[in-house]
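Written out as structure tokens, the structure reads:
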């Protein structure tokens with residue numbers, strides 16, 4: 004599989020669209036999409052659950068063709084077989100952030116499913132907030 008370049012700039016800023024309405028999303032994107040150095044937009048559950056991915060992507064696409072990255076917050080924590088369903092549900096976006104904390108088999112299956120769907124995969128490995136790792140009161144050994 005050939006590598007794809009999601010963001011065409013060498014350095015860029017990706018605004019995180021953590022807003023609670025399509026109106027605020029429109030204001031955020033319209034106010035930044037022509038700013039030099041903006042490389043794409045990250046959307047998440049705060050918009051996608053209440054309004055639907057199609058509506059959110061349509062709103063952004065009405066203003067720009069910059070890449071849209073979906074961050075489901077710890078996607079890839081289910082069983083391996085659900086990766087293809089997740090990738091299919093994310094067909095509107097350009098890239099998907101995964102955080103495979105359910106082990107290497109799940110991580111591998113979900114990464115392959117997203118690649119098979121021709122989306123760019125971004126994989127997270129460790130959270131940096133206090134209380135995540137065992138040494139700071141969390142559940143995971145660091």
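Numbering (this note's numbering), first residue to last: 4 to 145.
Heads up, the beta-carbon is just placed ideally off N, CA and C, and yes, glycines get one too.
Can you name the residues that DSSP bridges to residue i?
i	result
residue 16	41
residue 125	100
residue 73	46 and 99
residue 136	143
Using the Cβ count rule (16 or more neighbours within 10 Å means buried), how would you classify residue i?
i	result
residue 128	exposed
residue 91	exposed
residue 107	exposed
residue 122	buried
residue 55	exposed
residue 133	exposed
To the nearest angstrom, report how far apart residue i and residue j are at their CA atoms.
i	j	result
residue 142	residue 37	43 Å
residue 103	residue 136	15 Å
residue 8	residue 47	21 Å
residue 52	residue 105	23 Å
residue 20	residue 74	10 Å
residue 25	residue 50	8 Å
residue 80	residue 97	21 Å
residue 109	residue 85	9 Å
If residue i and residue j are in contact, beta carbons under 8 Å, what's the gap, nearest whole angstrom?
i	j	result
residue 100	residue 93	With 8 Å as the limit, residue 100 and residue 93 do not qualify as a contact, their Cβ atoms being about 10 Å apart.
residue 40	residue 12	7 Å
residue 43	residue 70	4 Å
residue 72	residue 17	7 Å
residue 118	residue 124	6 Å
Can you list, in chain order, the residues of its chain whose CB lies under 8 Å from that of residue i, leaving out five sequence neighbours each side?
i	result
residue 78	89, 99, 100, 101, 102 and 113
residue 140	133 and 134
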